[in-house]
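Asker: Have a look at the structure that comes next, please.
Numbering (the working numbering), first residue to last: 45 to 523.
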């Protein structure tokens, strides 16, 4: 799944000044990034017919198709998703190859060379989606060569750094046989250089805003699990493309991960374009003590269960069961419990066995989601139950408390809470605590001994995302 997400990113690149956009170009871009794919492809095909000897509108068409790819895969029935994905992907590979064969070794001016090179990037991604790694890196190598030529011809063509940055960053993140194939073809990768190139394209490029923003969102929000760093890219992207449903919902979930429920409430209340999905609303109302609405929207989400990712469907079912139990509908909750996945059956079992503690912890979540002050939260904490030595529930409390103190900038208190989480041997609890400690030590200056101790623990924990982020600690503290 990680490789799927990584390869999925060789995606759309938008086009703006200093190269002049005509009205049709701008419409294609806006349609594409606002997920109005049929309109974008229709206009692109019309321009291909009008200008068949330029790679420009083939680029636009493929760009739109790449953006549409993830939506098409999501809409496939979960039982046939893999087979359907392969079919869609083969069509994509064949089309990219057909376009590249059409132009062959044509000589292009810098702008058209950029489109041509970007199509090689798309071919690399499409091959990677199919697991054809040799084809992926061969096409990637050609794309890299073309982008380097562009920079040589025009050092101010900063947009070329997008693809170069992606190749550097993602090559560094690969492992196993994929890493071997990449190294054979000259892709050793460099995370720091990749991030630097991506920022260069984002800040100075004139053609690549859309894809650069999406790439940096994926890098920080998922590959490095640094939601805080991702938020500014979400905001800028949505300012430009406010109808992108997928990104709007992802943004809401990142905000909730960061305990910014007020912003999510404003988005839901002002959702005139009906962009916010039922699952997003269910999660929001679940944290706001609005159980009836949480159940309603979770049930709505599950009505289209076959098109949901498994984790989303499983959590939606849990929201229904938990909130029925919370409302006192214990017989109904018991009846629905059989529909829970094994993971959530275990969680719900813990809830039932520790009813008072579980209800207090849920109320604590609600108090935080309502934006209560530190004074009010600390007053509420004084009512905390003993958790009956239940390490799991106690760790949830400290993890939530640490995140709350992070949000309110009480970083010393957050640090203490996260270290309390590390007493738990559960890997997911420890992961969240380590992630919080990295954020703290990147935001304030602490003794090098503390940082060294944390890095030693991260190496023992052996999680790729956290180890990559620990490189930033090493750089900051010159270790």
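Where a beta carbon is used, it is the ideal one built from N, C-alpha and C, also for glycine. Since the structure is predicted, the reported quantities are computational estimates derived from the model, not experimental observations.
1) I believe residue 251 touches residue 281 by the beta-carbon criterion, under 8 Å. Please report the beta-carbon distance rounded to the nearest angstrom.
2) Quick one: using the 10 Å Cβ neighbour count with 16 as the cut-off for buried, is residue 269 buried or exposed?
3) Mapping the DSSP letters down to three states, classify residue 428 as helix, strand or coil.
4) 8 Å is my cut-off, CB to CB: does residue 129 come that close to chain D?
5) Once the 5 residues before and after residue 163 are set aside, which same chain residues still bring their CB inside 7 Å of it?
6) Would you give the residue range spanned by the alpha helix (DSSP H) that residue 368 belongs to?
7) With 16 as the cutoff for other CB atoms within 10 Å, does residue 212 come out buried or exposed?
8) If you reduce the DSSP assignment to three classes, tell me which class residue 201 lands in.
9) Are there three or more Cβ pairs, one per stretch, closer than 8 Å when the region 410-423 is compared with the region 377-396?
10) Out of 395, 332, 347 and 392, which has the shortest C-alpha to C-alpha gap to residue 415?
11) Between which two residues does the alpha helix (DSSP H) harbouring residue 522 extend?
12) In the DSSP assignment, find the unbroken alpha helix (DSSP H) run with residue 502 in it and report its ends.
13) Relative to the alpha-carbon of residue 285, which residue among 78, 262, 493 and 511 has its alpha-carbon at the smallest distance?
14) Please state if the CB of residue 261 and the CB of residue 274 are separated by a distance shorter than 8 Å.
15) Quick check on residue 454: does DSSP put it in helix, strand or coil?
16) Grouping DSSP H, G and I as helix and E and B as strand, with all else coil, what is residue 416?
17) How many angstroms separate the CA atom of residue 161 from the CA atom of residue 206?
18) Quick one: what's got a C-beta closer than 6 Å to residue 302's C-beta in the same chain, skipping five residues either side?
19) Given a threshold of 16 other Cβ atoms within 10 Å of its Cβ, counted over all protein chains shown, does residue 177 qualify as buried or as exposed?
20) What three-state label does DSSP hand residue 255 in the structure shown?
21) Skipping 5 residues on each side, what residues in its chain have a beta carbon closer than 8 Å to that of residue 174?
22) In this structure, does DSSP put residue 333 in helix, strand or coil?
23) When you compare only the Cα positions, how much space is there between residue 389 and residue 343?
24) Given this structure, state the Cα-to-Cα distance separating residue 221 from residue 110, to the nearest angstrom.
25) Is the region 304-321 in contact with the region 483-500, if contact means three or more CB pairs nearer than 8 Å?
26) Kindly indicate which three-state DSSP category residue 347 falls into: helix, strand or coil?
27) Enumerate in chain order the residues of its own chain whose CB-to-CB distance from residue 232 is below 7 Å, with the five nearest sequence positions on each side excluded.
28) Mapping the DSSP letters down to three states, classify residue 188 as helix, strand or coil.
29) Which of the three DSSP states, helix, strand or coil, is assigned to residue 303?
30) Counting C-beta neighbours from all protein chains within 10 Å, is the total for residue 514 16 or more, i.e. buried, or is it exposed?
31) Who are the near neighbours of residue 405 in its chain, counting only those whose CB is closer than 7 Å to its CB and skipping five residues on each side?
32) Count the CB pairs spanning the region 191-208 and the region 239-254 that are closer than 8 Å, and state whether there are at least three.
33) Exposed or buried, which one is residue 426 when buried takes at least 16 other CB atoms within 10 Å?
34) For residue 112, is the classification buried or exposed, using 16 other Cβ atoms within 10 angstroms of its Cβ as the cut-off for buried?
35) Could you tell me the alpha carbon to alpha carbon distance between residue 511 and residue 502, rounded to whole angstroms?
36) Quick one: is residue 353 buried, meaning 16 or more other Cβ sit within 10 Å of its Cβ, or exposed?
Answerer: According to the structure shown:
1) On the chain shown, residue 251 is found 207 positions in, with the first residue counted as 1. On the chain shown, residue 281 is found 237 positions in, with the first residue counted as 1. Actually they do not touch by this definition, with Cβ atoms about 15 Å apart.
2) As a first step, residue 269 is located in the chain shown; it is residue number 225 there, counting from the start. Classification for residue 269: buried.
3) The residue you call residue 428 lines up with position 384 of the chain shown. Here residue 428 sits in coil by DSSP.
4) Protein chains in the displayed structure number just one, and chain D is not present.
5) Here residue 163 corresponds to residue number 119 of the chain shown, with the count starting at 1. Hits under 7 Å: 99, 102, 103, 106, 140, 143 and 144.
6) The residue given as residue 368 occupies position 324 in the chain shown. Taken as a continuous stretch (DSSP letters only), the alpha helix (DSSP H) holding residue 368 covers 354-370.
7) Indexing the chain shown from 1 puts residue 212 at position 168. Buried.
8) What you label residue 201 is simply residue 157 of the chain shown in a count that begins at 1. Of the three classes helix, strand and coil, the one that applies to residue 201 here is coil, per DSSP.
9) no
10) Stepping through the chain shown from its first residue, residue 415 is reached at position 371. Of the candidates 395, 332, 347 and 392, the one whose C-alpha sits nearest the C-alpha of residue 415 is 332.
11) Here residue 522 is taken as the residue at index 478 of the chain shown, counted from 1. Neither: residue 522 is in no alpha helix (DSSP H) and is coded neither H nor E.
12) Residue 502 sits at position 458 when you count from the first residue of the chain shown. Per DSSP, residue 502 belongs to the alpha helix (DSSP H) from 492-505.
13) Locating residue 285 in the chain shown gives position 241, where the first residue counts as 1. Measuring from the Cα of residue 285, the nearest candidate turns out to be 78.
14) Taking the first residue of the chain shown as 1, we reach residue 274 at position 230. Taking the first residue of the chain shown as 1, we reach residue 261 at position 217. Yes, the pair counts as a contact, with Cβ atoms nearer than the cut-off.
15) As a position in the chain shown, residue 454 is number 410, starting the count at 1. Coil at residue 454, not helix or strand.
16) In the chain shown, residue 416 corresponds to position 372, counting from 1. Here residue 416 sits in coil by DSSP.
17) Looking up residue 161 in the chain shown gives position 117. Looking up residue 206 in the chain shown gives position 162. Taking the straight line joining both Cα atoms gives about 12 Å.
18) Taking the first residue of the chain shown as 1, we reach residue 302 at position 258. So the qualifying residues of the chain are 271.
19) Numbered from its first residue, the chain shown carries residue 177 at position 133. Its Cβ being crowded by 16 or more others within 10 Å, residue 177 is buried.
20) Within the chain shown, numbered from 1, the residue matching residue 255 stands at position 211. Note: residue 255 maps to helix in three-state DSSP.
21) Here residue 174 is taken as the residue at index 130 of the chain shown, counted from 1. Closer than 8 Å at Cβ, skipping near neighbours: 130, 133, 134 and 137.
22) The residue labelled residue 333 in the question sits at position 289 within the chain shown. Residue state, collapsed to three classes: coil.
23) Position 345 of the chain shown, counted from the start, is the residue given in the question as residue 389. Position 299 of the chain shown, counted from the start, is the residue given in the question as residue 343. Those two C-alpha atoms are separated by around 18 Å.
24) Residue numbering aside, residue 221 sits at position 177 when the chain shown is read from its first letter. Residue numbering aside, residue 110 sits at position 66 when the chain shown is read from its first letter. Caution is warranted here: a pLDDT of 43 is assigned to residue 221, below 50, making its placement in the model unreliable, and the coordinate value is therefore given only provisionally. The straight-line gap from Cα to Cα measures roughly 25 Å.
25) no
26) Walking along the chain shown from the start, residue 347 turns up at place 303. Here residue 347 sits in coil by DSSP.
27) For the purposes of this step, residue 232 is taken as the residue at position 188 of the chain shown. Result list for residue 232: 215, in chain order.
28) The residue labelled residue 188 in the question sits at position 144 within the chain shown. Of the three classes helix, strand and coil, the one that applies to residue 188 here is helix, per DSSP.
29) By one-based count along the chain shown, residue 303 stands at place 259. Residue 303 falls in the coil class under three-state DSSP.
30) Looking up residue 514 in the chain shown gives position 470. With 16 or more Cβ atoms within 10 Å of its Cβ, residue 514 is classed as buried.
31) By one-based count along the chain shown, residue 405 stands at place 361. Counting only Cβ-Cβ distances below 7 Å, and skipping sequence neighbours, we find 437, 440 and 441.
32) yes
33) Along the chain shown, one-based indexing puts residue 426 at 382. Result: exposed.
34) Counting from 1 along the chain shown, the entry for residue 112 is found at position 68. When all chains shown are included, residue 112 counts as buried.
35) The sequence position of residue 511 within the chain shown is 467, counting from 1. The sequence position of residue 502 within the chain shown is 458, counting from 1. Those two C-alpha atoms are separated by around 6 Å.
36) Here residue 353 refers to the residue found at position 309 when the chain shown is read from its first residue. Under this definition residue 353 is an exposed residue.
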